[in-house]
Structures are given as structure tokens and as C-alpha cells.
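Accompanying notes for the structure given below.
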Amino acid sequence: MTAITLVRGDITEQHVDAIVNAANSSLLGGGGVDGAIHRKGGPAILADCRRLRASQYGKGLPTGRAVATTAGELDARWVIHTVGPVWQPDQDQSGLLASCYRESLRVARELGAATVAFPAISTGIFRWPLDDGARIAVRTVREEAGGSVTEVRFVLFDEAAYEAFETALAAAP
Ligand code: AR6
1 MTAITLVRGD ITEQHVDAIV NAANSSLLGG GGVDGAIHRK GGPAILADCR RLRASQYGKG
61 LPTGRAVATT AGELDARWVI HTVGPVWQPD QDQSGLLASC YRESLRVARE LGAATVAFPA
121 ISTGIFRWPL DDGARIAVRT VREEAGGSVT EVRFVLFDEA AYEAFETALA AAP
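Mapping the sequence shown onto full-length UniProt numbering, position 123 (from 1) lands on 123, and the numbers just tick up by one.
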């Protein structure tokens, strides 16, 4: 069984096996969660990302995929980088957002991670509506958790995000 928990706070302060990063396809850093993870985790994360770019993802990590690096100086073993879709009001990209959670969990299981922290992928700079993003996150994690993963912790930065996830979690599966 995988427990799904909610925490209001900063994902870079979590003590877990794997921290999921809402990255972009360049894997070379950015703002939001991505900026915070690289700032606090230090240069080892970027060095791993550069190696991945050179060896496997010359054209960038595709949207909906996930890949792991060291967690550097964070209190975790790995950072799992995933690329959420940019919200487009005229396109249904919910499958791609679900894929971020599914692929991140697949990578977590491959690593043997027990505890995994997720941010609300795509709901910041990529502008995905919070309530919908929370529903997709909770639904996908309920469907895809298991294996080595005993806890999925959603780490929500502000009250609005926390409430959106609380509502999604309270809704019938
Ligand atoms: N801990 C937890 N959640 C956070 C933190 C934090 N330290 N900082 C922000 N959030 P975003 P995206 C919340 O913008 O929308 C970057 O430039 C934030 O309030 O980090 O997927 C990347 O390089 C929001 O609810 O990610 C990409 O280019 C959620 O985390 C792009 O932004 C996600 O916001 C990705 O955009």
C-alpha cells in the first residue's frame, strides 16, 4: 500500500528518497521548483543533467517523461526530473500531465525509492489550473503507486495549492 500525504511547504526541505522536479526539457534549470532544487542541491545536480543531455537527451527530455539524477546536497537520494506540459486552453494535454506522475513513479520504483515527494507539476510557470492539476495528480498517483513506494507526499507551496489537493484527495477515487 502507498500512503498519499499532503504537506504545505518547500519541497527542497523534505527528507525523502526521491524529490520530483518540475523541470523543462532543457534539463538545465529554470525558475520555480526547478530553480529552488538546483540552488539548494548544488552543482552536482546540474552536472548530472548535463551528462544526460550529452548521452541521451540531446534534443531535450520530452514532455511527460522522467529521468533521475543525484540529489546533491538535498536531504534525499535522487531528484527525478519531469517535464510538464505548458497549459494551452484549446488543447487537451491531460494525458501528458498524468504521464509526468506515472513516469516519475516508474523511475522511483526502478530506483527502489520508498518515499517520493511531488510538487504540483505545471501549475506554476506553466499555468495549468490548480484544481484540474490536483485532480490529475491524485488520480494518477492512486492508479500508479505501489512497488517499493510506500509514501507519495505532495508538497504544496501555498494554501491554495494545499486546498486544491485536499479537495482532490477527499473526492471519491
Ligand atoms: N516547493 C514546493 N512547491 C513549489 C516550490 C517549492 N520550493 N516553488 C514553487 N512551487 P513551477 P511548472 C510550486 O513554476 O509550472 C521552471 O522554470 C508552485 O507554486 O515550479 O511545472 C522550469 O524550469 C506551483 O504550484 O513549475 C520550467 O521551465 C508548482 O510548484 C517551468 O518552470 C509548480 O510551479 C515549469 O513550470
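Virtual Cβ for every residue (Gly too), placed ideally from N, Cα, C.
- Beta-bridge analysis with DSSP links F118 to F154.
- Excluding sequence positions up to five before and after V107, its CB lies within less than 6 Å of the CB of A66, A68 and I80, all in the same chain and listed in chain order.
- Burial check for H15: the Cβ neighbour count within 10 Å stays below 16, so the residue is exposed.
- Around V149, the same chain offers T2, L105, A108, R109, A113, A114 and V116 as residues with beta carbons nearer than 7 Å, after the five sequence neighbours per side are excluded.
- Taking 7 Å as the cut-off, the C-beta of P129 does not count as close to any heavy atom of ligand 1.
- Inclusion of F157 and A134 in the CB contact set at 8 Å is not warranted, their separation being larger than that value.
- Counting only residues of its own chain and dropping the five nearest sequence neighbours on each side, F118 has a CB closer than 6 Å to the CB of V20 and F154.
- Note on G31: under 16 other CB atoms within 10 angstroms of its CB, so exposed under the neighbour-count rule.
- For R65, the secondary structure class from DSSP, reduced to helix, strand or coil, is coil.
- Approximately 4 Å separates the beta-carbon atoms of G72 and G41; this is inside 8 Å, confirming the contact.
- Per DSSP, T82 is one residue of the beta strand (DSSP E) stretching across W78 to V83.
- Here A23 has D34, H81 and V83 as same chain residues with Cβ atoms under 6 Å from its own Cβ, once five neighbours each way along the sequence are excluded.
- For R8, the uninterrupted beta strand (DSSP E) run begins and ends at A3 to R8, by DSSP.
- N24 has no beta-bridge partner at all, per DSSP.
- Exclusion of A66 from the 7 Å shell around ligand 1 follows from its C-beta lying no nearer than that to any non-hydrogen atom of the ligand.
- G64 is a Cβ neighbour of C100, given a cutoff of 8 Å.
- The Cβ-Cβ distance between A161 and V138 does not fall below 8 Å.
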